[in-house]
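A.B. asks: Using my numbering, you'd call the opening residue of the sequence shown number 3 and step up by one each time.
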Amino acid sequence: MAQDKELTCKDCGQSFTFTAGEQEFFQARGFSEPIRCKACRDIRKSQKAERGFATDRKRQW
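1) Taking C-beta to C-beta, are K7 and I37 nearer than 9 Å?
2) Express the C-alpha separation of C42 and F27 in angstroms, rounding to a whole number.
3) What is the residue span of the beta strand (DSSP E) that E8 lies within?
4) Any chance you could list the alpha helix (DSSP H) runs of at least 4 consecutive residues sitting entirely within the region 13-49, in chain order?
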């Protein structure tokens with residue numbers, strides 16, 4: 003059974019908790035351990051969306 007882990011964010015250096023539930027979710031979907039905290043992931047996601055890399059945006063050729 004998984005236990006909560008303390009990880010350090012690659013971007014801001016803050017520690018964050020990777021809960022047992024999150025670990026099970028990530029593992030079930032074949033995802034790697036997160037390297038960024040939730041706040042930094044959200045910032046990065048919004049920056050990608052601004053540059054046009056959002057998954058819900060259709061390409062125009």
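Note that CB positions come from ideal geometry on N, CA and C, so glycine has one too. Keep in mind it's a predicted model, so treat the numbers as computed, not measured.
C.D. replies: Concretely, from the data shown:
1) Position 5 of the sequence shown, counted from the start, is the residue given in the question as residue 7. Position 35 of the sequence shown, counted from the start, is the residue given in the question as residue 37. No, these two residues do not count as a Cβ contact at 9 Å.
2) As a working note, residue 27 is residue 25 in the sequence shown. As a working note, residue 42 is residue 40 in the sequence shown. Roughly 20 Å between the two C-alpha positions.
3) Indexing the sequence shown from 1 puts residue 8 at position 6. Run containing E8: 7-10, per the beta strand (DSSP E) assignment.
4) 22-30
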